[in-house]
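Chemist:
Numbering (the working numbering), first residue to last: 1 to 878.
Structure below.
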């Protein structure tokens, strides 16, 4: 061991040379245990320093021998961190050692061999008496050190360091770490500890590490973090040594308690040791320190003395840490040496009086930089700043680069930033023209909920986006026992967004109603629309492209962010309108991909739509629409990554034979590329059975299979059956007879084998579904019920306007206004189209728009029936 040695280390090294590492460990640890059990109460510092020395000297000797034996010539060090680096090891402490190299870590054979001995096998432990887990670091790793690791490296102490790497590593941390953030970490850590710590007088439970030692360390780390110096440097500077004496007393008690516990204890999942928790029995046993030969009265008095000193130590370390940390806030802690922003007891503020004489741009940059600092560090702004830095900002605030920085900032809450700014009258209007008119306007939601202005709703959307980014469920869903795949999809999509497009989603949520879009211009002059809907958007009066062009040079947004924002605002209803069409076939997917242009814009539009609609017109209210939205997103995303892998091949792992897979593949790309594909396993065996029933001796009416499925908020009846014209009318009729409404349905056909796999999204309402519903549907399909000419007389009346158009060659779309039971109307339309037009129906939907409710049926017609003739028949029939 080449480093300067203290007396404990020198003695350990001498023993090591005389009797070897294992015998040295056993001898010196036994001596240390005896010291812990002694009656002297002021040996805490001696105990922990001596115990640390045993481990450090043995580990250093091993490291030196390994370097020579393995011929490693690069700079290398073994260092102690955390409590080990502070020479504060007790019997159950974790041993915090690390390997430092000025070399590559990945694939480093020397480091791998050291880890093999210490981490992957018990070779080191068997030869030296104790175990240690070694993690390697190179200099570049120091720029990434944060959180608890940053605090652990604060007390870095070289154990074997012939190349003085410890100095270089500490210098690298000093050059890259954020002292203010380190202070926040220490303060947060301390506040969490003190919040959970029991009162000093408690006897039933006292976690001596977390509720005593770490509270003291919080104060030490606050001081040490300013210059990133070792805790021992702060120990030496303490004005009243009784604070440190109290800390070492607690360490001595901790060591004594550890020896009372059974050996071999392991830390819990949070890293805490159960051995550190004192209970009433421990407080009552302090008299045992005197040994069995002492009298009961002596033990009683001694125990009182120990408890008194323990109470005094607990109070002193708590008072010490509270005074250190809160003094920092009272005096104000600068965010950085070059910044005028200070963190005080009330939050962030600008140092000195507000400079009202400064130019508007200078004042704007100062005000918004304060918002940016608060967002970055997750801190409040001192409310006094409303009458200082932000005083009358509605008169002078300008668009400056800090505006864009707020949207690009990856930490903190943009919603919180604008919640603060919204307190300043007129401030947001100066940044985003039209904002003032927007927030006081009424739209359909405000008139329906009658609770909040639109500005509050906008903030909630931003907060929803922030939950997506944090990959956790929105607040309203956190009590659910299950967070479904559908719930998680927006978070998955948000994680795929690059910096420009994530900022675009934020900016679009913030400003979507302010620019004037072509739709706004059309709705503004539409006298048929309710008055509150005509001015629901476009409040700035500035055309869409021009609105965002102004934000680029003034606010520092990139061209890509502004282009993406313009795309999102222009297409804010696109997912909804396309989903309401009820078709996600290849044509729709290719069209949607062409609209988005890039995969990033697809992700952005999906995340934007989810955040925008999380509370209003959301999935629980419109499950079928959101199923179609998710499927359109899923299919379009897949189109950006064409794969040669057969999507049906996954069924092979479910046990389907090659011949079975050939049957299932007949359902085609539209089925296997969408969300219904996940239900293929459910019906695969029945579809194979149905196909086989036709060869070689056909079964007239083989039994179909129906089942209830849950997908997100959608409740679906899936039906596998032999295909026949009228199947849609047959099933919709069975559902109507049971008074069950429909939201949409999609039908997939395997034409070679004449199979159908149909999915009906139910609008069950408040009444419960009949338990035998799948059997009812199966019986209707097998008997081909509800599709006879006589059934037409019992159909509900169809009173809505009809519109029949060609959607593409050979395919048609009939749209009907609905004013009552959509399930009955769907059945009526399906049956009339079957009987009179011989239509093959392949999709239908019931949707609600601002113009009312509509039913759309997608179908094909016989080649002999022209569109004009079909339109005439529809006018006569309906």
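Each residue gets a CB set at the ideal place from its N, CA and C atoms; glycine is no exception.
Excluding the 5 residues preceding and the 5 following residue 865 in the sequence, name in chain order all residues of the same chain whose CB lies nearer than 7 Å to its CB.
Modeler: As a first step, residue 865 is located in the chain shown; it is residue number 865 there, counting from the start. Result list for residue 865: 837, in chain order.
Chemist: Touch check for the segment 587-597 and the segment 434-442: three-plus C-beta pairs under 8 Å?
Modeler: no
Chemist: Could you pull the start and end residues of the beta strand (DSSP E) that residue 135 belongs to?
Modeler: Numbered from its first residue, the chain shown carries residue 135 at position 135. 135-138 is the span of the beta strand (DSSP E), which, as asked, contains residue 135.
Chemist: Cβ of residue 209 within 8 Å of Cβ of residue 273?
Modeler: Locating residue 209 in the chain shown gives position 209, where the first residue counts as 1. Locating residue 273 in the chain shown gives position 273, where the first residue counts as 1. Their beta carbons are under 8 Å apart, which means residue 209 touches residue 273 by this criterion.
Chemist: Can you give, in chain order, each stretch of the alpha helix (DSSP H) that sits fully within the segment 390-467 and has at least 4 residues?
Modeler: 393-396, 401-408, 414-421, 427-431, 435-440 and 444-449
Chemist: Check each candidate in 824, 142, 325 and 136 and name the one with the smallest Cα separation from residue 217.
Modeler: Within the chain shown, residue 217 is the residue found at index 217, counting from 1. Residue 325 is the option with its Cα nearest to residue 217.
Chemist: Just verifying my parser: in three-state terms, what is the DSSP assignment at residue 350?
Modeler: The count along the chain shown starts at 1 and reaches residue 350 at position 350. In this structure, residue 350 counts as strand in the three-state DSSP scheme.
Chemist: Are three or more beta carbon pairs between the segment 231-239 and the segment 164-173 nearer than 8 Å?
Modeler: Taking a cut-off of 8 Å for Cβ pairs, the segment 231-239 and the segment 164-173 do not touch, as fewer than three such pairs fall below it.
Chemist: Which residues in the same chain have their Cβ closer than 7 Å to the Cβ of residue 57, if we skip the five residues on either side of it in sequence?
Modeler: Here residue 57 refers to the residue found at position 57 when the chain shown is read from its first residue. Contacts found: 1, 9, 12, 13 and 16.
Chemist: Counting C-beta neighbours from all protein chains within 10 Å, is the total for residue 823 16 or more, i.e. buried, or is it exposed?
Modeler: Taking the first residue of the chain shown as position 1, residue 823 is located at position 823. Buried.
Chemist: Grab me the residues of residue 770's own chain with a C-beta within less than 8 Å of its C-beta, minus the 5 sequence neighbours each way, in chain order.
Modeler: Here residue 770 refers to the residue found at position 770 of the chain shown. Closer than 8 Å at the Cβ level, and outside the excluded window around residue 770, lie 738 and 776.
Chemist: Since residue 612 is in the alpha helix (DSSP H), which residue starts that stretch and which ends it?
Modeler: In the chain shown, counting from the first residue as 1, residue 612 sits at position 612. It spans 599-612 - the alpha helix (DSSP H) in which residue 612 sits, taken as one unbroken run.
Chemist: What does the alpha-carbon distance come out to for the pair residue 44 and residue 93?
Modeler: Numbered from 1 along the chain shown, position 44 holds the residue referred to as residue 44. Numbered from 1 along the chain shown, position 93 holds the residue referred to as residue 93. Rounded to whole angstroms, residue 44 to residue 93 spans 14 Å at the Cα level.
Chemist: How should residue 781 be labelled, buried or exposed, when 16 other C-beta atoms within 10 angstroms of its C-beta is the threshold for buried?
Modeler: As a working note, residue 781 is residue 781 in the chain shown. Its Cβ being crowded by 16 or more others within 10 Å, residue 781 is buried.
Chemist: According to DSSP, simplified to helix, strand and coil, what is residue 384?
Modeler: The sequence position of residue 384 within the chain shown is 384, counting from 1. Three-state result, residue 384: helix.
Chemist: Could you give the residue range of the alpha helix (DSSP H) that holds residue 366?
Modeler: To locate residue 366, count along the chain shown from 1; it is residue 366. Taken as a continuous stretch (DSSP letters only), the alpha helix (DSSP H) holding residue 366 covers 360-377.
Chemist: Thinking just about the alpha-carbon of each residue, which of 757, 164 and 320 is nearest to the one in residue 923?
Modeler: No statement about residue 923 is possible, as the shown extent of the chain runs from 1 to 878 and does not include it.
Chemist: Measuring alpha carbon to alpha carbon, tell me which residue in 32, 214 and 832 is nearest residue 790.
Modeler: For this step, residue 790 is matched to residue 790 along the chain shown. Of all alpha-carbon atoms in 32, 214 and 832, the one lying nearest the alpha-carbon of residue 790 is that of 832.
Chemist: Given that a residue counts as buried once 16 or more other Cβ atoms are within 10 Å of its Cβ, and exposed if not, what is residue 142?
Modeler: If you number the chain shown from 1, residue 142 lands on position 142. Label assigned to residue 142: buried.
Chemist: Ends of the beta strand (DSSP E) at residue 715?
Modeler: Stepping through the chain shown from its first residue, residue 715 is reached at position 715. Taken as a continuous stretch (DSSP letters only), the beta strand (DSSP E) holding residue 715 covers 714-722.
Chemist: Work out the CA separation of residue 375 and residue 416 for me, nearest whole Å.
Modeler: As a working note, residue 416 is residue 416 in the chain shown. As a working note, residue 375 is residue 375 in the chain shown. When rounded, the distance between both Cα atoms is 8 Å.
Chemist: Between residue 542 and residue 450, what straight-line distance do the alpha-carbon atoms span, to the nearest angstrom?
Modeler: Within the chain shown, the letter at position 542 stands for residue 542. Within the chain shown, the letter at position 450 stands for residue 450. Answer to the nearest angstrom: the Cα atoms are 29 Å apart.
Chemist: I'd like the span of the beta strand (DSSP E) that includes residue 344, first residue to last.
Modeler: As a working note, residue 344 is residue 344 in the chain shown. Run containing residue 344: 341-344, per the beta strand (DSSP E) assignment.
Chemist: Less than 8 Å between the beta carbons of residue 595 and residue 634, yes or no?
Modeler: Locating residue 595 in the chain shown gives position 595, where the first residue counts as 1. Locating residue 634 in the chain shown gives position 634, where the first residue counts as 1. No, the Cβ-Cβ distance between residue 595 and residue 634 is not below 8 Å.
Chemist: What does the Cβ neighbour count give for residue 475, buried or exposed, with the cut at 16 atoms within 10 Å?
Modeler: Working through the chain shown from its first residue, we reach residue 475 at position 475. Because residue 475 sits at a pLDDT of 48, beneath the cut-off of 50, its placement in the model cannot be relied upon, and the following sentence gives the value as read from the coordinates. Exposed, by the Cβ-count rule.
Chemist: Which residue or residues does DSSP assign as beta-bridge partners of residue 843?
Modeler: The residue given as residue 843 occupies position 843 in the chain shown. Bridge partners of residue 843: 746 and 858.
Chemist: Give me the residue from 144, 220 and 182 with the minimum Cα distance to residue 377.
Modeler: As a working mapping, residue 377 is identified with position 377 in the chain shown. For residue 377, the nearest C-alpha among the options comes from 182.
Chemist: What separation, rounded to the nearest whole angstrom, lies between the Cα atoms of residue 73 and residue 67?
Modeler: Mapped onto the chain shown, residue 73 falls at position 73. Mapped onto the chain shown, residue 67 falls at position 67. A straight-line Cα-Cα distance of about 8 Å links residue 73 and residue 67.
Chemist: Let me check one thing: in DSSP terms, what residues is residue 802 bridge-paired to?
Modeler: Position 802 of the chain shown, counted from the first residue, corresponds to residue 802. Bridge partners of residue 802: 816.
Chemist: Output needed for residue 525: all residues of its chain with C-beta closer than 6 Å, excluding positions within five of it in sequence on either side, in chain order.
Modeler: What you label residue 525 is simply residue 525 of the chain shown in a count that begins at 1. In this predicted model, residue 525 has a pLDDT of only 46, less than 50, meaning its place in the structure is not dependable; the value taken from the coordinates is given anyway. Cβ neighbours of residue 525 beyond the five flanking positions: none.
Chemist: One question on the structure: do residue 732 and residue 826 come within less than 8 Å of each other, judged by their Cβ atoms?
Modeler: Here residue 732 is taken as the residue at index 732 of the chain shown, counted from 1. Here residue 826 is taken as the residue at index 826 of the chain shown, counted from 1. Yes, Cβ-Cβ distance for residue 732 and residue 826 is below 8 Å.
Chemist: On a Cα-Cα basis, can you pick out the residue from 430, 427 and 458 that is closest to residue 441?
Modeler: Counted from its first residue, the chain shown places residue 441 at position 441. When only C-alpha atoms are compared, the closest one is 458.
Chemist: In the structure shown, what three-state DSSP assignment does residue 204 receive?
Modeler: The residue you call residue 204 lines up with position 204 of the chain shown. The answer is coil: DSSP assigns residue 204 none of H, G, I, E or B.
Chemist: Would you check if there are 3 or more beta carbon pairs closer than 8 Å linking the segment 19-34 to the segment 74-83?
Modeler: no
Chemist: Taking the alpha-carbon positions, what's the residue 517 to residue 214 distance?
Modeler: Your numbering for residue 517 matches position 517 in the chain shown. Your numbering for residue 214 matches position 214 in the chain shown. So the alpha carbons of these two residues sit roughly 58 Å apart.
Chemist: Report all residues from its chain with a CB closer than 6 Å to the CB of residue 556; omit the five preceding and five following residues, and keep chain order.
Modeler: Residue 556 sits at position 556 when you count from the first residue of the chain shown. Counting only Cβ-Cβ distances below 6 Å, and skipping sequence neighbours, we find 401 and 404.
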